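Throughout, the working numbering is defined as the position within the sequence shown, counted from one, plus 27. Glycine residues also receive a C-beta, built at the ideal position from the N, C-alpha and C atoms. Since this is a predicted model, take the numbers as computed values, not measurements. The structure appears below as structure tokens.
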Amino acid sequence: MGNSVGDSMEDFTLVLSTEEKRVCLRETNKKIKRILYVYEQSLKDTAYNYKSYVYAVILYISSFNSLFNYELANIIVNLNSLLINDLNKTQIRKIVLECKHIVEEIENKMG
């Protein structure tokens, strides 16, 4: 019997096509690149809070990490380091570039 209101969601599985996964990864890379912009803006304008933005990116990636066999875990860990440490722009840039590289590697492995 199929899932209906009241049935458990335990058996529910979400599957994305390869193209849908590519779209997800491209959007992830855009969000990761934006971290540097938000960081720079936060130095000029207190209305910008780059750590809040990083947290939102982590939540975004966490929401579909299982669809990529948890290959995005390293990105989540690296971005979390931005939240728990006081880093300078060079260190932040290095982490952002490393995360972008991981996303690109995952996309390239998809063929």
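Whether residue i touches residue j by CB criterion (7 Å)
i	j	result
K58	V84	yes
L52	E134	yes
Y75	I119	no
Range covered by the alpha helix (DSSP H) that runs through residue i
i	result
Y141	What the structure shows of the chain is the stretch from 28 to 138, and residue 141 is not part of that stretch, so it cannot be assessed.
S108	A100 to I111
N96	It is not in any alpha helix (DSSP H) - N96 carries neither H nor E in the DSSP assignment.
T45	T45 to K71
L41	Segment: none, L41 is in no alpha helix (DSSP H) and carries neither H nor E.
L124	K116 to K136
Spatially closest choice to residue i from the options, by CA coordinates
i	options	result
E125	I102, L41 and M137	I102
K136	E98, K121, L109 and T117	E98
N56	Y87, D113 and N107	Y87
I129	E46, V104 and L70	V104
Buried versus exposed call for residue i [16 or more other C-beta atoms within 10 Å across all chains shown]
i	result
Y77	buried
V123	buried
V42	exposed
V50	exposed
S31	Because the pLDDT of S31 is 49, which lies under 50, any placement of that residue in the model is unreliable, and the number read from its coordinates should be weighed accordingly. Exposed, because fewer than 16 other Cβ atoms sit within 10 Å of the Cβ of S31.
L70	exposed
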